[in-house]
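Engineer: Please find one structure pasted underneath; my questions will follow.
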Amino acid sequence: MNYYLLLGGNMGDVDTSMSLAISRIAEAGRILAVSSVVESPPWGFSAPEPFHNAVVRLSSDVGPFALLSFIKHLEIELGRKPKRVEGEYESRPIDIDILFCDSQVVNTEVLQIPHPRLHLRRFTLVPLAEVAPGFVHPVLGKTVAEMLADTDDESDVRIVGRLSVSQ
């Protein structure tokens, strides 16, 4: 299975946290690509610190629910605290979302694939378009490049570097 994961955060040394996360995610499969790091303002809430985000393409035999469990434990290891209020956005040192798993559609209370808001967010689409511009969203029927061109999100998203990743 090919996964596309979004990593990000806005507290502490986020780029180091993302690099560590990628090294650990490699334990679940093989890292095929890592996008540039993008910087953007917080989305859905106010915070003084900008976010850094990157997309990872992972090839893995691990199923989506097992990968989600692994990711949630990894976030805690890297300093993520549970949300105070479910559904509310807040600053965090690391966040890892499963954007796609091949062309699978999963819709449960604990996991939604494709990620339900990925097409609304430039901070997701810009790095995703770097590693998978032609990937077709299995529900919307649009490529990543088309979703980026069509999004109403006008957030300032800019490339600020690359992660150092050891596998």
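For the sequence shown, position 96 matches number 108 in my numbering, and the numbering has no gaps at all. We treat Cβ as the ideally placed atom computed from N, Cα and C, and that holds for glycine. Nothing here was measured: the structure is a model prediction, and the numbers come from that model.
Helix, strand or coil: which one does DSSP assign to R36?
Structural biologist: Note: R36 maps to helix in three-state DSSP.
Engineer: Restricting to runs no shorter than 3 residues, where is the beta strand (DSSP E) found entirely within the segment 107-146?
Structural biologist: Correct list: 107-113.
Engineer: Specify, as a first and last residue, the run of the alpha helix (DSSP H) that F57 falls within.
Structural biologist: Run containing F57: none; DSSP gives neither H nor E here.
Engineer: With a CB to CB cut of under 6 Å and the five nearest residues on each side skipped, what residues in its chain are close to G19?
Structural biologist: A small correction: the amino acid at residue 19 is Leu; Gly does not occupy that position in the sequence shown. Hits under 6 Å: M30, A33, A66 and I108.
Engineer: Would you say F77 and A40 are within 8 Å of each other, going by their C-beta atoms?
Structural biologist: No, they are not a contact pair.
Engineer: How long is the line joining the alpha carbons of P62 and N119, rounded to whole angstroms?
Structural biologist: Between P62 and N119, the C-alpha separation is close to 30 Å.
Engineer: With I43 and V68 assumed to form a contact (beta carbons below 8 Å), what rounded beta-carbon distance in angstroms separates them?
Structural biologist: Contact holds; Cβ gap of about 6 Å.
Engineer: Write down the C-beta distance between E142 and S71 rounded to the nearest angstrom, noting that I regard them as a contact closer than 8 Å.
Structural biologist: 18 Å between Cβ atoms; not a contact.
Engineer: Who are the Cβ neighbours of Q124 in its own chain at under 8 Å, not counting the five residues just before and after it?
Structural biologist: So the list reads V118, once near-sequence residues are dropped.
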